[in-house]
Amino acid sequence: MTAAADPGIDVAVPPGLSARAPAEARGTTRDDVRMLVGRRSGGALEHRRFTELPEVLRPGDLLVVNNSATLPAALAGTLTDGTPVTLHLSSAQPDRLGAYLVELRRVVPGAAPAYYPPDESPARPGLRVALPGGARAELTEPFTARLWHARLDLPGPLVAYLEHHGKAIRYGYVDRDWPIEAYRTVFATVPGSSEMPSAARPFSAAVVARLAGCGVLVAPVTLHTGVASPEAHEPPYAERFGVPAATARLVGHVRAGGGRVIAVGTTVVRALESAAGADGTVHPADGWTELVITPERGVRVVDGLLTGWHEPRASHLLMLAAVAGRPLLERCYTAAVQHRYLD
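My numbering applies: residue -12 is where the sequence shown begins, and numbers increase by one.
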């Protein structure tokens, strides 16, 4: 699968702007973080706090959130020759053949598991990985250069097994392991994501209450995120999603009344747009989506996007450009670096 265009933007992000720890560990609260507001219609960019979100939106607007809960999807494993590895589970539900997507990572003492370049990975068909609690994974065939189909032999249900034996996936820019609660949002009710739908992380109960008091609506969709690759910047692959009938109806009602549909995160954009017809009508949906949103394809439902920062070469930037337009996207990224926003 390839993206339709080069997603890169000409902005260099200094390494020091990576958020190495959650906001709570930096002496603040989840909702007390900065928020950059840009409008496609023009005007100056606004530097605000996330707690001011109710002032940015209008009564009658609809925020659509992802209710997927992050799983502790990183497992300690051992190859048959005794080599320790970390196995990242990318799909919480099996495909039609009962296989899951997994990634192998190299164990680095005292640091995050390291990316295996394809020519260095031990992955091969038939490779067996011993997992905690007597479980086992067996690789069957490659899905990409990084991800493999695998059969899992578990002692019980997957979610319960991961809650007992797994840890949150950690990448190199994070300073240490953090408990799984740090990777779950206030909307998380349906377990299934390998990585946090992070755009909703700053929301607190207080912010949600203020939004409701200001006449801003909130509705859920579900999209279970797979394992990303900060090193490879691959295009999106198939992910499980669902759009409830109530959410589909509310989107139609808000749009008919002139309100705006604001997606909280790229996962929500993908789910809504996957459930939309050519005329922009959103229908209830449940299944897998392979939709890749580009500026050429455009968006049919989403009027705005609340999102975190993505690397300047990340494929998600194609989606951001489809929603915001490339000129605004470049302005926002340039300003974020100048004002030292954390990604």
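Just so you know, even glycine gets a beta-carbon here, dropped at the ideal spot from N, CA and C.
As the structure is a prediction and not an experimental result, all values here were calculated from the model.
Provide the residue(s) that pair with residue i in DSSP beta bridges, ordered along the chain.
i           : result
residue 227 : 275
residue 291 : 249
residue 22  : 35
residue 137 : 87 and 126
residue 204 : 49
residue 64  : 72
residue 116 : 66 and 124
residue 93  : 72 and 101
residue 269 : 263
According to DSSP, is residue i part of a helix, a strand, or is it coil?
i           : result
residue 249 : strand
residue 191 : coil
residue 216 : coil
residue 17  : coil
residue 73  : strand
residue 318 : helix
residue 148 : helix
residue 238 : helix
residue 323 : helix
residue 186 : helix
residue 209 : strand
residue 164 : coil
residue 55  : strand
residue 177 : strand
residue 263 : strand
residue 256 : helix
residue 286 : coil
If residue i sits next to residue j, beta carbons under 8 Å apart, how far is it from one beta carbon to the other, in whole angstroms?
i           : j           : result
residue 33  : residue 24  : 4 Å
residue 87  : residue 76  : 6 Å
residue 342 : residue 132 : Only positions -12 to 330 of the chain appear in the structure, and residue 342 is not among them; the question remains open.
residue 317 : residue 289 : Contact flag wrong, Cβ pair sits at about 20 Å.
residue 331 : residue 195 : An answer regarding residue 331 cannot be provided, because it is not within the stretch -12 to 330 covered by the chain.
residue 121 : residue 142 : 6 Å
residue 239 : residue 49  : Residue 239 to residue 49, Cβ: 10 Å. No contact.
residue 222 : residue 279 : 6 Å
residue 198 : residue 40  : 7 Å
Do you know whose CA, among the options, lies nearest residue i's CA?
i           : options               : result
residue 97  : 199, 194 and 158      : 158
residue 68  : 103, 117 and 279      : 117
residue 53  : 122, 10 and 190       : 190
residue 31  : 329, 315, 172 and 328 : 315
residue 282 : 288, 170 and 307      : 307
residue 227 : 221, 181 and 187      : 181
residue 249 : 108, 146 and 208      : 208
residue 241 : 255, 203, 273 and 265 : 203
residue 188 : 294, 312, 268 and 65  : 294
residue 332 : 138, 112 and 122      : No information on residue 332 is available, as it lies outside the stretch -12 to 330 that the chain covers here.
residue 148 : 178, 55, 47 and 238   : 178
residue 84  : 63, 139 and 94        : 139
residue 234 : 214, 268, 252 and 211 : 268
residue 303 : 276, 256, 325 and 275 : 256
residue 163 : 325, 8 and 92         : 8
residue 155 : 66, 60 and 211        : 60
residue 55  : 43, 183 and 135       : 183
residue 253 : 236, 244, 274 and 291 : 291
residue 70  : 244, 115 and 329      : 115
Check the Cβ-Cβ distances between residue i and every residue of chain C, and say whether any is below 8 Å.
i          : result
residue 20 : Absent here is chain C; the protein component of the structure consists of one chain.
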